[in-house]
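Undergrad:
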Amino acid sequence: MGSRVKGLLLMRGKIPNKKSNPPARVEDRISKLPNEVLCHILSFLPTKYAVRTSILSTRWKNVWAFVPNLDFKYVEAKSYFFNKKKDKSTSARFFTFVDRVISVRGSADIKKFCLHCSCGSKDFARIVGWIQTAIQHNVVELDLCFETTDKDLAFELPQFIFMCKTLVVLKLRSNCITNAPLASGCFPSLKILHVRVEYPVNDSMEKIFSCCPVLEDLTIDGLLGSDDVLNFKISAPELKILKLILPHRDWVGDHDHQYCFLINCPKLENIDLKQDILSKYLFKNAKSLVKASLNLFTHAVADLQPDFSNRANALLAGISNVKYLSLSAHVWEACCVPAFDNLNELKLVLHDCYNWDLLTELLKRSPNLEHLFLEHENDEECICSDEEYSEDGSSKVEYSEDGCSNAEKWNTPDFVPICLVSHLKTISIRGFQGHLHEREAAKYLLENGEVLRKMTIYTGDFLPAKEKIYKEFSMFQRGSRTCQVEFIEEAGSSFDNDYVY
66 MGSRVKGLLL MRGKIPNKKS NPPARVEDRI SKLPNEVLCH ILSFLPTKYA VRTSILSTRW
126 KNVWAFVPNL DFKYVEAKSY FFNKKKDKST SARFFTFVDR VISVRGSADI KKFCLHCSCG
186 SKDFARIVGW IQTAIQHNVV ELDLCFETTD KDLAFELPQF IFMCKTLVVL KLRSNCITNA
246 PLASGCFPSL KILHVRVEYP VNDSMEKIFS CCPVLEDLTI DGLLGSDDVL NFKISAPELK
306 ILKLILPHRD WVGDHDHQYC FLINCPKLEN IDLKQDILSK YLFKNAKSLV KASLNLFTHA
366 VADLQPDFSN RANALLAGIS NVKYLSLSAH VWEACCVPAF DNLNELKLVL HDCYNWDLLT
426 ELLKRSPNLE HLFLEHENDE ECICSDEEYS EDGSSKVEYS EDGCSNAEKW NTPDFVPICL
486 VSHLKTISIR GFQGHLHERE AAKYLLENGE VLRKMTIYTG DFLPAKEKIY KEFSMFQRGS
546 RTCQVEFIEE AGSSFDNDYV Y
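So, in structure tokens, the structure goes:
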């Protein structure tokens with residue numbers, strides 16, 4: 066038998082090794098770890114998996130019972146409507162499981178209590194009991210999400226939660242806040258509040274915010290209705306981070322809604338706004354604001370709101386002290402731009418060739434800007450033609466007749482912003498497609514960036530005439546002799562190499 070055949074047979078187990086060694090004994094080092102370490106490891110698992118470790122050995126039998134985090138999640142699948150008997154049985158087992166886990170834990174403290182479940186009105190009292198147990202055991206973080214099977218009946222957050230002295234983090238992912246707290250001084254230790262709610266109610270929400278003396282991080286993820294009149298006051302003396310995600314329920318009918326947010330947070334440092342219909346924002350005591358991100362979901366919002374320009378102007382003026390600004394640019398008008406004297410870093414999301422004038426106006430109004438990030442997103446409403454290149458790499462065809470309008474093309478300014486002359490150090494361009502307006506904008510920045518150190522251009526999966534574009538960039542004059550231009554082809558690109566000039 067040849068050595069090759071013998072080797073194959075050995076691999077298949079046909080010829081046993083004459084001197085087979087017994088398997089090496091594996092030492093169980095994990096089980097020898099202290100209980101505190103094992104509990105810390107199990108705290109990252111959903112409770113149902115932590116409980117299952119009890120079958121590993123006698124060493125693990127009761128370890129899970131001392132884990133400070135409880136994570137229970139059960140949401141009925143869509144099959145509920147086709148197999149009610151099966152899903153009701155699963156629901157019953159889930160509720161029984163939670164009961165047993167809580168009873169076995171005894172008097173041990175609970176650090177985090179996470180409960181996501183489908184429930185009916187018959188389950189509300191049981192859920193209230195679980196929450197009360199968590200509070201009695203000095204809970205620090207509550208994460209609650211309830212999907213009610215009774216559409217007309219929502220779970221109400223019990224009043225005793227508002228007075229919990231140990232609660233630091235509260236996350237609510239359903240319409241739980243239907244009643245305002247009855248007493249003052251609620252949430253004495255609460256620092257982080259994340260709320261997801263449909264059609265927020267003025268009084269209940271406002272009273273909660275105003276009664277949180279140490280609140281530092283607030284997120285409101287809410288669905289606004291067509292007929293709502295919302296005058297929302299967010300007043301929190303210690304608030305540092307504010308995030309508002311406010312999509313609209315529908316797009317039919319009048320869009321001149323009376324949504325007004327009065328923000329009185331003297332220590333606010335970071336604000337993140339996401340909307341499809343711009344509300345009115347009034348800022349009071351916003352001098353501490355450092356970072357702002359503004360994103361409107363839809364392209365047509367400016368046409369749908371008669372007073373959009375006024376609202377946009379007021380919003381930008383309210384955040385003009387920031388050092389870091391991220392702006393989705395397809396709806397903002399250049400005339401709305403206030404002076405951003407402190408701005409150090411700007412991220413501008415450009416939708417194809419829209420709003421280049423906004424970029425030049427922002428550069429003009431930001432004398433101390435050092436870092437510029439441009440991100441291009443494709444937009445079906447703007448169709449730029451494929452361009453032909455002559456032998457020297459220049460474009461033969463600029464724009465098709467049905468492409469970008471004259472107002473949307475790159476218009477080279479007749480001035481050079483102060484930031485380009487003395488401060489702008491880095492430029493990053495993502496989603497670069499090689500269109501004429503993109504190249505002209507990059508050329509202007511390179512020619513006038515006197516202290517520019519590096520321009521990084523990220524291309525997509527397909528960049529037409531890439532070699533000619535690279536050559537064109539290598540021939541651009543540069544205001545800074547030390548400036549480096551780098552092309553990076555991102556993951557998924559059909560090319561493997563990066564190009565540095």
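In this text, residue positions in the sequence shown follow the working numbering: the first is 66, and each later residue adds one.
Glycine included, each C-beta is placed from N, C-alpha and C at the ideal position.
Nothing here was measured: the structure is a model prediction, and the numbers come from that model.
1. Drop a sphere of 10 angstroms on the beta-carbon of T161, count the other beta-carbons inside from all chains shown, and report buried for 16 or more, exposed for fewer.
2. Does the separation of the CB atoms of L434 and C484 fall below 7 Å?
3. Let me make sure I understand the geometry here. Which of F109, N378, H488 and E221 has the alpha-carbon closest to that of L411?
4. With DSSP as the reference, label D479 as helix, strand or coil.
5. What is the rounded straight-line gap between the Cα of S168 and the Cα of N329?
6. Across which residues does DSSP place E410 in a beta bridge pair?
7. Going by the DSSP bridge assignment, what does V260 pair with across the sheet?
8. Under the three-state reduction of DSSP, which class applies to N100: helix, strand or coil?
9. Looking at the unbroken beta strand (DSSP E) that takes in A219, where does it start and where does it end?
10. May I ask you to report which of helix, strand or coil DSSP gives N203?
11. Measure the alpha-carbon distance for L288 versus D136 and round it to whole angstroms.
12. Please work out which residues of its chain come closer than 6 Å, Cβ to Cβ, to S300, disregarding the five sequence neighbours upstream and downstream, and give them in chain order.
13. Find out if the Cβ-Cβ distance for the pair F225, F211 is shorter than 7 Å.
14. Among L413, V204, N134 and A173, which residue has its Cα nearest to the Cα of H105?
15. Compare the C-alpha of I342 against each of S374, K352 and I336 and name the closest.
16. Alpha carbon to alpha carbon, what distance is there between I285 and H502?
17. Whose C-beta lies closer than 8 Å to the C-beta of T118 among residues of the same chain, with five residues either side of it excluded?
18. Find out if the Cβ-Cβ distance for the pair E551, T521 is shorter than 7 Å.
19. Excluding the 5 residues flanking S459 on each side, which residues of the same chain have their C-beta closer than 7 Å to its C-beta?
20. Quick check on the DSSP output: the alpha helix (DSSP H) that includes H502 runs from which residue to which?
21. Under a Cβ-count criterion, where at least 16 other Cβ atoms within 10 Å of its own Cβ denotes burial, should T56 be classed as buried or exposed?
22. Report back the beta-carbon spacing between C548 and R518 to the nearest angstrom; my notes put them in contact at under 8 Å.
23. CA-CA distance, N350 and L333?
24. By the 10 Å Cβ neighbour count, where 16 or more other Cβ atoms means buried, how is G499 classified, buried or exposed?
25. Would you mind stating whether L209 and L255 have Cβ atoms separated by less than 7 Å?
26. Should I383 be labelled buried (16 or more other beta-carbon atoms within 10 Å of its own) or exposed?
27. Have a look at I306, G544, E263 and S539 and flag the residue whose alpha-carbon is nearest the alpha-carbon of L510.
28. Please classify E456: is it buried, with 16 or more other beta-carbons within 10 angstroms of its beta-carbon, or exposed?
29. Cutting at 7 Å between CB atoms, please list the residues of its own chain near K508, excluding the five before and the five after it.
30. Since H422 is in the alpha helix (DSSP H), which residue starts that stretch and which ends it?
31. By alpha-carbon positions, which one of L218, I200, G171 and D215 ends up nearest to F131?
32. What three-state label does DSSP hand V193 in the structure shown?
33. Just to check my reading of the structure: N386 and K352 have Cβ atoms closer than 8 Å, yes? What is that Cβ distance to the nearest angstrom?
34. Taking C-beta to C-beta, are L307 and I336 nearer than 7 Å?
35. Below 6 Å CB to CB, which residues in the same chain sit around A404 once its five sequence neighbours on both sides are set aside?
36. Could you name the residues that DSSP lists as bridge partners for Y139?
TA: On the basis of the data shown:
1. On the sequence shown, residue 161 is found 96 positions in, with the first residue counted as 1. Classification for T161: exposed.
2. Sequence index remark: in the sequence shown, residue 434 carries index 369 (1-based). Sequence index remark: in the sequence shown, residue 484 carries index 419 (1-based). The answer is yes: Cβ separation under 7 Å.
3. The residue you call residue 411 lines up with position 346 of the sequence shown. Considering only alpha carbons, the answer is H488.
4. Here residue 479 is taken as the residue at index 414 of the sequence shown, counted from 1. Looking at D479 - three-state DSSP - the assignment turns out to be coil, as it is neither helix nor strand.
5. Walking along the sequence shown from the start, residue 168 turns up at place 103. Walking along the sequence shown from the start, residue 329 turns up at place 264. Approximately 44 Å between the Cα atoms of the pair.
6. One-based indexing of the sequence shown puts residue 410 at position 345. Note: E410 sits in a beta bridge opposite Y389 and H436.
7. One-based indexing of the sequence shown puts residue 260 at position 195. According to DSSP, which records beta bridges pairwise, V260 is partnered with L237 and I285.
8. Here the question's residue 100 lines up with position 35 in the sequence shown. In the structure shown, N100 sits in a helix (DSSP, three-state: H, G or I).
9. Taking the sequence shown and counting its residues from 1, one reaches residue 219 at position 154. Per DSSP, A219 belongs to no beta strand (DSSP E) and is neither H nor E.
10. To locate residue 203, count along the sequence shown from 1; it is residue 138. In this structure, N203 counts as coil in the three-state DSSP scheme.
11. One-based indexing of the sequence shown puts residue 288 at position 223. One-based indexing of the sequence shown puts residue 136 at position 71. The alpha-carbon atoms of L288 and D136 are separated by roughly 27 Å.
12. Sequence index remark: in the sequence shown, residue 300 carries index 235 (1-based). Excluding sequence neighbours, S300 sits near S275 and N329.
13. Within the sequence shown, the letter at position 160 stands for residue 225. Within the sequence shown, the letter at position 146 stands for residue 211. Cβ atoms of F225 and F211: not closer than 7 Å.
14. The count along the sequence shown starts at 1 and reaches residue 105 at position 40. The shortest C-alpha separation from H105 is found at N134.
15. The residue you call residue 342 lines up with position 277 of the sequence shown. Nearest C-alpha to I342: S374.
16. Against the sequence shown, residue 502 aligns to sequence position 437. Against the sequence shown, residue 285 aligns to sequence position 220. So the alpha carbons of these two residues sit roughly 38 Å apart.
17. The residue you call residue 118 lines up with position 53 of the sequence shown. For T118, where only same-chain residues beyond five positions count, the Cβ hits under 8 Å are L107, W125, V128 and W129.
18. Locating residue 551 in the sequence shown gives position 486, counting from the first residue. Locating residue 521 in the sequence shown gives position 456, counting from the first residue. Yes, the pair counts as a contact, with Cβ atoms nearer than the cut-off.
19. Here residue 459 refers to the residue found at position 394 when the sequence shown is read from its first residue. Model confidence at S459 stands at a pLDDT of 47, short of 50, so the residue's coordinates are unreliable and nothing is read from them.
20. For the purposes of this step, residue 502 is taken as residue 437 along the sequence shown, with counting starting at 1. Start and end: L501 to N513.
21. Outside the shown range of the chain, which is 66 to 566, sits residue 56, and nothing can be said about it.
22. Position 483 of the sequence shown, counting from 1, holds the residue named residue 548. Position 453 of the sequence shown, counting from 1, holds the residue named residue 518. Contact holds; Cβ gap of about 6 Å.
23. Taking the sequence shown and counting its residues from 1, the one referred to as residue 350 is at position 285. Taking the sequence shown and counting its residues from 1, the one referred to as residue 333 is at position 268. Looking at the two C-alpha atoms, the distance is approximately 9 Å.
24. As a position in the sequence shown, residue 499 is number 434, starting the count at 1. Answer is buried; the Cβ neighbour count reaches 16.
25. As a first step, residue 209 is located in the sequence shown; it is residue number 144 there, counting from the start. As a first step, residue 255 is located in the sequence shown; it is residue number 190 there, counting from the start. No, they are not a contact pair.
26. Here residue 383 refers to the residue found at position 318 when the sequence shown is read from its first residue. First, the amino acid is wrong: residue 383 is Gly here, not Ile. With 16 or more other Cβ atoms within 10 Å, it is buried.
27. Locating residue 510 in the sequence shown gives position 445, where the first residue counts as 1. The candidate whose alpha carbon is nearest that of L510 is G544.
28. Here residue 456 corresponds to residue number 391 of the sequence shown, with the count starting at 1. Low confidence applies to E456: its pLDDT is 45, below 50, so where it sits in the model is not reliable, and the reading given next is rough at best. Its Cβ having fewer than 16 others within 10 Å, E456 is exposed.
29. Locating residue 508 in the sequence shown gives position 443, where the first residue counts as 1. The residues are F541.
30. For the purposes of this step, residue 422 is identified with residue 357 of the sequence shown, where counting begins at 1. The sequence given here places Asp at residue 422; His does not occur at that position. Element bounds for D422: W421 to K429.
31. Position 66 of the sequence shown holds residue 131. The option with the nearest alpha carbon to F131 is G171.
32. As a position in the sequence shown, residue 193 is number 128, starting the count at 1. Helix at V193.
33. What you label residue 386 is simply residue 321 of the sequence shown in a count that begins at 1. What you label residue 352 is simply residue 287 of the sequence shown in a count that begins at 1. Indeed they touch by this definition, with Cβ atoms about 6 Å apart.
34. Here residue 307 corresponds to residue number 242 of the sequence shown, with the count starting at 1. Here residue 336 corresponds to residue number 271 of the sequence shown, with the count starting at 1. Yes, Cβ-Cβ distance for L307 and I336 is below 7 Å.
35. For this step, residue 404 is matched to residue 339 along the sequence shown. Contacts found: R430.
36. The count along the sequence shown starts at 1 and reaches residue 139 at position 74. In the DSSP output, where bridge partners are listed per residue, Y139 has C182.
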